[in-house]
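Protein chains in written order, with the working numbering: chain A, 93 to 441; chain B, 93 to 441; chain C, 83 to 408; chain D, 83 to 408. First the structure, in the form of structure tokens, and then the observations on it.
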Ligand SMILES: Cc1ncc(C[n+]2csc(CCOP(=O)(O)OP(=O)(O)O)c2C)c(N)n1
Ligand SMILES: Cc1ncc(C[n+]2csc(CCOP(=O)(O)OP(=O)(O)O)c2C)c(N)n1
Ligand SMILES: [Mg+2]
Ligand SMILES: [Mg+2]
């Protein structure tokens with residue numbers, strides 16, 4: 093391990109210390125817009141939950157850089173899998189805000205569009221990491237030029253499935269990128285209790301999966317690391333493990349009270365490393381963004397969220413008959429009977 | 093990784109190239125006697141199975157050095173866990189030959205003596221590795237000076253449980269030694285399909301578990317490595333992962349036909365590295381063993397095996413009522429009823 | 083006597099056990115400083131220290147596998163799995179290891195451990211938190227399965243579970259955690275495992291339920307009794323395994339009519355076994371087919387549909403009327 | 083028509099599927115060069131290449147989890163788990179992922195995959211190879227469970243399983259692999275999933291069995307018919323999930339007497355569900371309690387006790403006589 097193995101392009105203060113990826117101005121500003129949307133999405137979903145208008149929600153405040161940059165470099169044909177903390181990356185990849193509201197709202201159907209190639213976000217930790225390897229193995233078998241990005245948390249890396257996935261990826265060399273959003277906590281369990289090594293990325297070497305560590309609050313560094321990993325994957329060079337070091341500024345979910353366990357000083361220190369502030373400084377230094385533009389952008393994003401929310405809140409209650417319809421392609425007779433009884437009685441027997 | 097990271101004391105030819113551990117002559121000869129017993133045990137169990145006098149058996153030919161030296165350095169108060177391939181280490185640790193015959197013979201009760209501190213060998217691969225960590229956590233909690241040795245195969249290291257165990261061991265630092273008997277194969281699956289790294293020991297670093305690689309056909313090297321790991325563990329320094337590189341000269345089990353998959357040239361090459369021949373040469377060089385003594389020793393061991401076998405074959409058939417008795421400390425009424433019915437009918441309802 | 087919620091009653095039981103036996107350890111995900119995601123272990127780490135009450139890395143198979151090792155060694159581990167469906171990742175350790183240590187070693191090594199897990203539907207968490215697992219572990223032999231329906235029962239049963247020389251899966255229904263308070267003695271007491279409880283005696287029909295469905299059954303019973311005057315007996319199973327066949331058979335032998343209620347999907351659920359027990363032991367007393375009021379044969383519903391599919395007093399009452407038809 | 087063992091029939095079905103659909107992949111532990119520990123996949127790697135038929139590292143959760151990924155992508159994976167109880171390490175992937183992809187995504191992503199696994203007792207392997215898992219997966223909604231009893235059925239059902247748009251657990255009884263041969267058409271044909279088969283029509287008593295127990299049931303039926311002249315109907319379930327309730331109810335509605343046979347432990351087993359189906363659908367036709375002839379409520383017996391505890395024709399005959407009593 094080198095002294096500072098953490099890949100950065102921008103310092104926490106927003107100064108450039110690495111090679112800025114060669115991206116169009118719109119793309120650079122686009123990343124900012126996504127980050128702003130991530131913050132607004134998270135804040136508003138939390139507020140809606142508090143008002144009883146939304147189900148349990150997992151905020152992503154503090155993780156906006158990683159949440160945007162793990163998805164933004166992907167093409168439409170690429171795949172993205174993740175858990176609840178990756179709900180925003182899904183939006184960047186093409187899942188409508190409305191679908192995410194339905195999912196968090198506990199609605200049915202959730203109807204992710206197929207073309208987004210995002211599997212409805214995962215609750216059972218680390219299971220999706222294996223699905224990602226499987227999709228990537230299928231891509232390799234079909235000789236397609238697609239890559240699979242899969243996100244999971246630092247806690248999830250302790251599960252057997254995560255490690256089995258690394259091993260399969262080492263052996264079969266499919267086009268997959270494992271991106272660990274190390275946000276310092278698994279609910280109340282700090283990273284140092286999760287594993288004895290300093291960096292989760294160190295796990296890769298034992299499975300033959302190249303790995304790297306990036307500053308997860310540096311949107312450009314994550315973007316660049318993902319781009320390189322995707323290029324490697326598409327060139328047939330196999331999997332990459334990326335650890336993005338970031339921090340969960342909010343609660344684990346709306347059901348959690350972090351004051352029970354989170355040291356305030358740690359939280360304060362990370363508030364100083366806000367990924368949005370850092371990147372705004374960069375954009376302003378490059379004169380890609382003015383205060384007025386920023387304000388307009390916030391207004392636009394707020395309006396976009398509100399438009400989706402209006403649609404969500406206008407939805408009729410889910411049709412309970414769907415509960416039966418989505419279990420099998422064709423209902424077996426007993427389920428058909430249960431469905432009919434249900435329709436007849438208004439509730440079911 | 094250094095150029096030759098494999099720890100050796102004896103070359104395959106039996107020449108000393110490392111520091112011979114400072115052991116009494118009886119101990120040195122004792123290791124040889126165990127290795128001879130391992131070979132005889134394995135060969136005779138295979139033959140008995142062929143004759144229909146024994147259940148399915150997993151031979152350990154070629155792995156005698158590791159099978160002996162993973163157990164021999166342990167004290168009575170230490171624990172040893174393993175799978176079917178560790179049945180011989182169990183004998184070294186204090187499980188009677190007769191218990192092993194009962195176990196392989198599918199007898200009931202199997203009755204391992206508690207004092208051997210060996211958990212009946214495992215079939216569900218890698219599960220025992222977690223039990224070992226748990227026992228070691230208990231030892232640490234009770235502030236006892238005991239160590240837990242757990243064996244598993246190269247194939248088992250791909251299971252989630254193995255990796256979860258390494259992670260817990262890194263975090264809790266209990267006195268446990270993971271010894272992977274890398275015998276080149278998991279049934280028909282060669283090591284190179286099992287994982288992409290060259291050495292399974294490389295896995296340790298990603299979990300904060302120190303590891304080392306030993307020549308598994310060099311009984312002294314394994315003995316020394318285990319001794320050092322046990323010392324570390326008892327000094328409170330936590331877990332060690334040892335990869336013992338050896339080779340399965342026999343079939344996977346008596347149900348397997350290795351000619352379907354094993355390259356004859358590879359098998360021949362490893363036959364040249366027979367752990368018993370190597371060590372006999374060392375003992376003879378040290379004038380600790382003569383041909384006559386060796387012959388006597390073989391006769392003694394054969395007689396010991398035969399004595400146990402005579403006891404085994406004189407056993408009455410197992411009492412089927414025990415099938416019920418060992419499920420719970422106290423039988424619930426339904427099971428009591430099933431048991432009574434059974435006793436009444438001679439078979440059960 | 084204090085009035086406690088189920089969370090408080092369980093917390094108190096754990097504290098008593100930690101106090102009286104240094105071999106009792108409590109661990110799992112978030113049980114330490116956070117006191118558990120439902121606060122069931124609140125304050126225990128502070129009181130008993132990090133060696134007794136501790137957080138583990140996030141790996142259920144390892145939690146159960148290491149708990150088994152500790153139990154083999156002689157400790158009395160009480161492991162928490164954060165939600166009942168997360169027993170799936172450790173299904174292998176439970177079904178092939180925890181349940182078989184006694185059999186495999188013919189009693190030389192045993193597994194006196196408790197696995198606690200919040201369970202059940204009705205609190206609208208995200209997907210995969212509310213699967214019912216009891217029927218699965220009922221079929222896996224070698225483990226007891228306990229599902230209390232009240233704070234008082236929870237405490238008494240948990241003490242008994244920790245006392246038990248064999249492994250116990252202790253499922254705590256999330257909806258009951260704080261839904262009501264009850265007088266709970268501060269001292270230690272046990273309630274026997276494997277014994278059902280006749281919560282409400284009656285003569286004409288037996289309703290069998292457990293965990294959160296006991297209150298649903300009681301509400302239905304009251305509804306029916308008030309409306310029709312029929313006398314309804316309600317049995318709380320308390321233990322799913324071993325099943326108290328005698329209490330079931332005695333009751334149905336008397337009433338001749340039965341309704342079984344659970345949240346779990348119907349096919350292959352606990353109700354099927356109860357019907358089989360009735361078939362085996364008192365079929366000739368049975369006047370009408372036993373009714374099953376259960377979840378549908380689908381995955382557990384999305385949060386917005388939970389209320390539609392978890393059995394309600396109305397559905398149970400309807401089933402009671404059906405079996406009461408002459 | 084060739085006379086094939088079940089191993090040959092399944093091997094042939096896999097070869098036909100690999101031949102006709104490039105999206106079919108076959109993988110698992112030892113399925114490649116070794117051709118599977120029972121030789122079920124013998125010769126397939128040589129014929130179809132290592133990209134189509136391959137060995138995986140030793141990790142069941144990964145085998146099933148990656149199979150699910152492949153199925154999501156659009157392939158038709160046929161994964162082998164080396165023995166049925168080793169579905170426990172992948173229980174989580176099956177119960178929470180494979181079975182729910184369709185529901186979770188509301189049909190946008192699906193899981194058309196087959197998990198094959200040898201199962202059953204009677205061949206005296208070491209411990210933990212012979213646990214019966216079918217009742218567990220019957221209760222887990224979203225997967226079909228198939229257990230053929232003959233080479234002919236195995237082939238037809240396996241083709242149907244691979245065709246099926248939903249996941250199928252295909253359990254092949256080890257004792258049937260080579261115990262007899264049967265005429266099996268070389269061409270592809272399918273047998274419907276979810277449909278039981280009346281193997282032997284009869285009038286006075288219904289015996290319901292599956293997999294290796296079908297032959298045990300048939301032997302018992304023959305014994306009883308010869309000794310007593312009673313007419314015995316034998317039903318082979320073929321599919322455990324979905325259960326063919328109609329065939330069961332029609333038969334028991336006619337005979338009024340039933341015996342259910344399985345190797346699995348009694349409590350919470352498939353027989354309980356069958357009794358519940360009879361209760362629901364034809365209780366009034368039932369003349370005697372349904373008899374369960376099953377394994378004991380213990381772990382699967384050690385090899386030397388297998389024969390004592392796996393149901394025998396004698397035990398089944400005894401149960402038939404009991405239900406035939408007036
Ligand atoms: C298999 C499994 N075990 C436990 C849980 C309960 N749980 C939900 S989130 C969480 C912590 C996850 O931490 P991490 O992986 O770091 O992700 P983060 O929430 O920090 O993004 C736990 C324990 C779960 N959802 N799945
Ligand atoms: C969980 C599990 N999966 C599969 C098997 C079937 N199986 C038995 S031994 C074996 C290969 C084991 O290889 P390895 O771990 O290298 O041990 P070795 O036999 O070489 O000593 C397999 C696949 C099993 N027993 N348990
Ligand atoms: Mg985290
Ligand atoms: Mg091996």
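Glycine included, every Cβ here is placed at the ideal spot set by N, Cα and C.
From which residue to which residue does the alpha helix (DSSP H) around residue 389 of chain C run?
-> Residue 389 of chain C -> alpha helix (DSSP H) spans 388 to 391.
Any heavy atom of ligand 2 closer than 6 Å to the CB of residue 398 of chain C?
-> Residue side-chain check: residue 398 of chain C keeps its Cβ at 6 Å or more from all non-hydrogen atoms of ligand 2.
Should residue 269 of chain D go down as buried or exposed, given a rule of 16 or more other Cβ atoms within 10 Å for buried?
-> Counting Cβ neighbours within 10 Å, residue 269 of chain D comes out exposed, since fewer than 16 surround it.
Quick one: using the 10 Å Cβ neighbour count with 16 as the cut-off for buried, is residue 360 of chain B buried or exposed?
-> Classification of residue 360 of chain B: exposed, given that the 10 Å Cβ count is below 16.
Coarse secondary structure for residue 366 of chain D, derived from DSSP in three states | Helix.
In chain A, which residues lie less than 7 Å from residue 207 of chain C when you measure between Cβ atoms?
-> Neighbours of residue 207 of chain C across chain A, judged by C-beta separation under 7 Å: 148.
State yes or no: is the C-beta of residue 111 of chain D nearer than 6 Å to some heavy atom of ligand 2?
-> Yes, the beta carbon of residue 111 of chain D sits closer than 6 Å to at least one heavy atom of ligand 2.
Can you grab the Cα-Cα spacing for the pair residue 374 of chain B / residue 103 of chain B, in whole Å?
-> So the alpha carbons of these two residues sit roughly 10 Å apart.
Selection of the region 140 to 168 of chain C by Cβ proximity to chain A, strictly under 9 Å = Here the close residues are 140, 141, 142, 143, 144, 164, 167, 168.
CB contact check: residue 283 of chain A to chain B, cutoff 7 Å = Taking Cβ atoms only, chain B never reaches closer than 7 Å to residue 283 of chain A, which makes this a no.
Starting from the N-terminal side, write out each stretch of the alpha helix (DSSP H) that is 4 residues or longer and does not extend beyond the region 171 to 233 of chain D.
-> With a minimum length of 4 residues, the continuous alpha helix (DSSP H) runs that stay inside the region 171 to 233 of chain D are 183 to 186, 216 to 221.
Any heavy atom of ligand 3 within less than 7 Å of residue CB: hits in chain order | Residue list for ligand 3: A:245, A:246, A:247, A:273, A:274, A:275, A:276, A:277, A:278, A:340 (CB closer than 7 Å to any heavy atom, chain order).
Whose Cβ in chain A lies nearer than 8 Å to the Cβ of residue 300 of chain B?
-> Chain A residues near residue 300 of chain B: 287, 288, 289.
CB contact check: residue 173 of chain C to chain D, cutoff 7 Å | With 7 Å as the cut-off, residue 173 of chain C counts as an interface residue toward chain D.
Is residue 156 of chain D buried or exposed, if buried means 16 or more other CB atoms sit within 10 Å of its CB?
-> Residue 156 of chain D comes out exposed.
Roughly how many angstroms separate the alpha carbons of residue 403 of chain D and residue 171 of chain D, rounded to a whole number?
-> Within the model, the alpha-carbon separation for residue 403 of chain D versus residue 171 of chain D is close to 41 Å.
Buried or exposed (CB count within 10 angstroms, at least 16 for buried), residue 401 of chain D | Counting C-beta atoms within 10 angstroms of its own C-beta, residue 401 of chain D has 16 or more neighbours from the protein chains shown and is therefore classed as buried.
For residue 317 of chain B, collect the residues of the same chain with a Cβ closer than 7 Å to its Cβ; drop the 5 residues on either side in sequence, then sort them by chain order.
-> Taken in chain order, the residues that qualify are 99, 304, 306, 334.
Please check if any C-beta of chain D sits within less than 7 Å of the C-beta of residue 326 of chain C.
-> For residue 326 of chain C, the answer is no, since every Cβ of chain D falls outside 7 Å of its Cβ.
Starting from residue 223 of chain C, find everything on chain D with Cβ-Cβ shorter than 7 Å and list it in chain order.
-> Taking a Cβ-Cβ threshold of 7 Å, the residues of chain D close to residue 223 of chain C are 347, 379, 380, 381, in chain order.
Counted within 10 angstroms of its Cβ, other Cβ atoms place residue 54 of chain C as buried (16 or more) or exposed = Examination of residue 54 of chain C is not possible in this model, given that chain C is present from 83 through 408 alone.
Is there contact here, the region 342 to 353 of chain D with the region 286 to 293 of chain D, by at least three beta-carbon pairs under 8 Å?
-> Short answer: they touch.
With respect to 6 Å, is the separation between the Cβ of residue 171 of chain C and the closest non-hydrogen atom of ligand 1 below this value?
-> Result yes, Cβ under 6 Å from ligand 1.
Proximity below 7 Å, CB of residue 459 of chain A to CB of residue 244 of chain A = Past the edges of chain A, shown from 93 to 441, lies residue 459 of chain A, and the structure says nothing about it.
With DSSP collapsed to three states, give me the class of residue 108 of chain C.
-> Strand at residue 108 of chain C.
Nearest candidate by alpha-carbon position, reference residue 199 of chain D, set D:160, D:185, D:221 = Checking every option, the nearest Cα to that of residue 199 of chain D belongs to D:160.
Test item: CB-CB of residue 262 of chain B and residue 301 of chain B under 7 Å = Closer than 7 Å, so yes.
If you draw a straight line from the alpha carbon of residue 217 of chain B to that of residue 251 of chain B, how long is it in whole angstroms?
-> In this structure, the alpha-carbon of residue 217 of chain B lies about 8 Å from that of residue 251 of chain B.
Who are the neighbours of residue 185 of chain C on chain B, taking C-beta pairs under 7 Å?
-> Listed along the chain, the chain B residues whose CB falls inside 7 Å of the CB of residue 185 of chain C are 418, 419.
Note down, in chain order, every chain C residue with its Cβ under 9 Å from the Cβ of residue 182 of chain D.
-> Listed along chain C, the residues sitting closer than 9 Å to residue 182 of chain D by beta-carbon distance are 209, 210, 381.
Residues within the region 290 to 316 of chain C neighbouring chain A, beta-carbon criterion of under 7 Å | Residues passing the 7 Å Cβ filter: none.
Measuring only between beta-carbons, confirm whether residue 245 of chain A sits less than 7 Å from chain B.
-> Not an interface residue.
Continuous beta strand (DSSP E) assignments of at least 3 residues falling wholly in the region 98 to 134 of chain B | Fully enclosed beta strand (DSSP E) runs of 3 or longer: not present.
Beta-bridge partners of residue 244 of chain A, as assigned by DSSP = In DSSP, residue 244 of chain A forms a bridge with A:272.
Should residue 442 of chain A be counted as a contact of ligand 1 given a C-beta to heavy atom distance under 6 Å?
-> Residue 442 of chain A lies beyond the stretch modelled for chain A, which goes from 93 to 441, so this question has no answer here.
Output, in chain order, the set of chain A residues within a Cβ distance shorter than 9 Å of residue 248 of chain D.
-> Result: 419, 420, 421, 422.
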